[in-house]
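Going letter by letter, the sequence shown gives residues -31 to -1, 1 to 205 in mature numbering (1 follows the signal peptide of the UniProt record, and there is no 0).
From the three backbone atoms N, C-alpha and C, an ideal C-beta is built for every residue, glycine too.
What follows is a short report on a single structure.
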Amino acid sequence: MIVHAFPRNVRRLLCAVLLATLTACAPTAPARSTSSAVPPPQLDTPVPRHAGERTAVFAGGCFWGMQWVFEHVRGVQRVEAGYAGGQASTARYGIVSGGGTGHAESVRVSYDPSQVSYGQLLRVYFSVATDPTQRDRQGPDVGTQYRGVIFTADVQQARVAQAYVRQLDAAGAFDRPIVTRIQPLTGFYPAEAYHQDYARLHPNALYIAVNDAPKITQLRQQLPALYRATPVTYSP
């Protein structure tokens, strides 16, 4: 059976069912123990005195799970699944899922910096949202559209992200080097409505149960101060 000949939604189901037997869907060995979070960033953005709203864009595999994880983070106001890294004309699922557009499945996180810092969001990203040692893939999903990217909105975000990657590599936080890219955000394009909140709305779907639900448990256990039980929900 050639799993990759099927549409991605069907492929995900097959991968979840046949995870133990199909090489194409076998998870890679974990790059670190998942019993604890990575260390907090030594360099972070300053905490403002008053509430506000800022955004951060991350890519690191399927945007279903990424969106669900960040919806459970304290101080996050909204999370939107979408595409970043390519052109507006190709920001459509049917094209992006084939690879070659330059887009990565991404999430745009709107957050209150008086409650959660950019560095803390990065800690969630590296601890539970993605495996930053996997290049151009994430678990059963293979292709540049699943690559890990921190899309920075300004110089401050870039400086914090770059310093954090250096810190984690120097500390040996992972068994393999971090390959997550850091690049300026040139545009974010929301995904189709049926992708929004997909994991939260379908927690028992096999793909979600195998690949994404464990991340919510890890977030609660590893970063309890940042975890909230009731997630924010997507609204257009």
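Item to check | Simplified DSSP assignment, three categories, for VAL102 | outcome: The sequence shown places Thr at residue 102, not Val. Residue state, collapsed to three classes: coil.
Item to check | Residue nearest to ASP166 in terms of C-alpha spacing, selected from ALA127, TRP37, VAL78, LEU188 | outcome: TRP37
Next on the checklist: Measuring CB atoms only, is the stretch 11 to 27 touching the stretch 162 to 176, in the sense that at least three cross pairs come out at less than 8 Å?
Outcome noted: Touching, no.
Checklist entry - Sorry if obvious, but does the Cβ on GLN107 come closer than 7 Å to a heavy atom of the ligand FMN? => result Absence of the ligand FMN from the depicted structure is noted, as is the absence of any ligand whatsoever, leaving it without description.
Checklist entry - Mind checking PRO82: buried by the 16 CB within 10 Å criterion, or exposed? => result buried
Item to check | PRO193 versus GLY69 - alpha carbon distance | outcome: 38 Å
Checklist entry - Are at least three pairs of beta-carbons, each pair with one atom in the stretch 19 to 38 and one in the stretch 185 to 201, less than 8 Å apart? => result These segments touch.
Item to check | Range covered by the alpha helix (DSSP H) that runs through GLN190 | outcome: 182 to 191
Checklist entry - Which class does CYS(-7) belong to by DSSP, given the choice of helix, strand or coil? => result Because the pLDDT of CYS(-7) is 32, which lies under 50, any placement of that residue in the model is unreliable, and the number read from its coordinates should be weighed accordingly. It is helical.
Checklist entry - Within this structure, are the beta carbons of ALA50 and HIS72 separated by less than 8 Å? => result The answer is no: Cβ separation not under 8 Å.
Item to check | Contacts around VAL48, its chain only, beta-carbon distance under 6 Å, and the 5 residues preceding and following it disregarded | outcome: GLN36, PHE39, GLU40, VAL76, VAL78
Next on the checklist: Quick check on THR(-9): buried or exposed, where buried means 16 or more other Cβ atoms within 10 Å of its Cβ?
Outcome noted: The predicted position of THR(-9) is uncertain, since its pLDDT is 30 and thus under 50; a value taken from the coordinates is nonetheless stated next. The residue in question, THR(-9), is exposed, as its Cβ has fewer than 16 Cβ neighbours within 10 Å.
Next on the checklist: Can you tell me which residues form a DSSP beta bridge with ILE119?
Outcome noted: PHE27, ILE151
Next on the checklist: What would DSSP say about PRO10, mapped onto helix, strand or coil?
Outcome noted: coil
Item to check | Same chain, Cβ closer than 6 Å to ALA(-3), neighbours up to 5 away in sequence not counted | outcome: No answer about ALA(-3) holds up, because its pLDDT of 49 lies below 50 and its placement is not dependable.
Checklist entry - Taking C-beta to C-beta, are GLU74 and GLN114 nearer than 8 Å? => result yes
Item to check | Sheet register partners of TYR196 (DSSP bridge) | outcome: Beta-bridge pairing links TYR196 to VAL42.
Checklist entry - Looking at C-alpha atoms only, which residue of CYS31, GLN131, LEU90 is the closest neighbour of ARG43? => result LEU90
Checklist entry - With PRO101 and ILE151 assumed to form a contact (beta carbons below 8 Å), what rounded beta-carbon distance in angstroms separates them? => result The Cβ separation is near 11 Å, so there is no contact.
Item to check | Selected residue, minimal CA-CA separation from ASP105, among SER86, ALA132, THR149, PRO8 | outcome: THR149
Item to check | GLY29 versus ALA20: straight-line alpha-carbon distance, rounded | outcome: Spanning the two alpha carbons is a distance of roughly 28 Å.
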